[in-house]
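Heads up, the thing below is written out as structure tokens.
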Amino acid sequence: MITAASTTTAAAAAEESFHAPGPSIFDLPPVFEIGSLGVTKPMLQLVLAAGLVFTFFYVASRSRSLVPGRLQYAGESAYGFVRNSVARDIIGSRDFQKFVPYLVALFFFILVNNLFASIPFIQFPTFSRAGMAYALAGLSWLIYNGVGMAKHGVLGYLKLQSVPSGVSPAMYPLLVPLEFFSNILVRPVTLALRLFCNMFAGHILLVLFATGGLYLIEHVGGVGYIAGPLAWVLAILVSFLEILVQFLQAYVFVLLNAMYIQGALADEH
176 MITAASTTTA AAAAEESFHA PGPSIFDLPP VFEIGSLGVT KPMLQLVLAA
226 GLVFTFFYVA SRSRSLVPGR LQYAGESAYG FVRNSVARDI IGSRDFQKFV
276 PYLVALFFFI LVNNLFASIP FIQFPTFSRA GMAYALAGLS WLIYNGVGMA
326 KHGVLGYLKL QSVPSGVSPA MYPLLVPLEF FSNILVRPVT LALRLFCNMF
376 AGHILLVLFA TGGLYLIEHV GGVGYIAGPL AWVLAILVSF LEILVQFLQA
426 YVFVLLNAMY IQGALADEH
């Protein structure tokens, strides 16, 4: 009798125990299916972000005038921010212009997808799914390696990226594999990991504060009535911090792309 009561109490306590959020919260079911392909929420967010970015710049540039209206001014300011502070300053005044459309589109595409994590009723960072971050980094890898090979040739580019200048040939057996591994193979991995990990960790932290605060209020009582609302206050503060992180991650991703393009075009490594 006592054993049965103890077992029942333990089971009830286990049901009421707090389960911290983990990677499973990112495994979203398909919204709908096209044949055997399940279309998930992050996939729809990618399409939505692309549509929003295209629409904004199309509408902002559709009726250009010498005295810009508010929308045209916003579009020009957004374009000028990436053009001047990233493309021109990093790549250089001679080669930067042809990469501006790509860098502008890349920055605002990442930014909008990151901001989805802070928009009510969406509240999911697209690039918290590693595959999507790696796909974007893979595209960047193709572009900066492609422009480098187009300028220097395949072998010339690989030599520039793998053979450091001013180093004794005796050090080549050690340095050349390291330089090749670092400059050719590792860059897209670290590029994607930086974006993915920041979006992943930020989302888990917000869910932890939100669900933890609710658990403290509903199941702890006493001090939980103080700690629970405090956890929600921290969730709000972290949300504002996350907006800054979302912007910075978009900026860093594009900044590194510009640096890699500049390095690919440079005549000396």
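According to our numbering, the stretch in the sequence shown is residues 176 to 444, in order.
Glycine included, C-beta positions come from ideal geometry on N, C-alpha and C.
| Item | Value |
| --- | --- |
| Under 8 Å between C-beta atoms of PRO363 and TRP316 | yes |
| Straight-line Cα distance separating GLY328 from ILE359 | 15 Å |
| Bridge-paired residues (DSSP) for LEU212 | ILE209 |
| Residue of ARG258, ALA195, ILE379, LEU391 minimising C-alpha distance to GLY293 | Note on residue identity: the sequence assigns Ser, not Gly, to residue 293. Per the Cα distances, ILE379. |
| Three-pair Cβ contact test at 8 Å for the stretch 364-375 versus the stretch 301-320 | yes |
| Contact the stretch 195-215 vs the stretch 381-399: 3+ CB pairs below 8 Å | yes |
| Opening and closing residue of the alpha helix (DSSP H) in which PHE271 lies | Segment: none, PHE271 is in no alpha helix (DSSP H) and carries neither H nor E. |
| GLY341 to LEU353 span [Cα, whole Å] | 16 Å |
| Secondary structure of PHE355, DSSP reduced to three states | helix |
| CA-to-CA distance, PHE356 to LEU350, given in whole angstroms | 10 Å |
| Inter-stretch contact (C-beta, 8 Å, three-pair minimum) for the stretch 334-348 and the stretch 270-285 | no |
| Residue burial classification, SER192 (beta-carbon count within 10 angstroms, cutoff 16) | exposed |
| The stretch 331-339 / the stretch 248-262 touching (three or more Cβ pairs under 8 Å) | no |
| Beta-carbon proximity check, LEU381 vs ALA425, cutoff 8 Å | no |
| Proximity to THR215 [Cα-Cα], best of VAL222, LEU203, ALA224 | LEU203 |
| Alpha-carbon spacing of PRO243 relative to PHE231, whole angstroms | 15 Å |
| Alpha-carbon spacing of ALA325 relative to MET434, whole angstroms | 17 Å |
| Beta carbon of VAL429 nearer than 8 Å to that of VAL257 | yes |
| Residues near ALA439 by beta carbon distance below 6 Å, same chain, minus five either side | TYR319, VAL322, GLY323 |
| N-terminal and C-terminal residue of the alpha helix (DSSP H) that ALA305 is part of | 305-327 |
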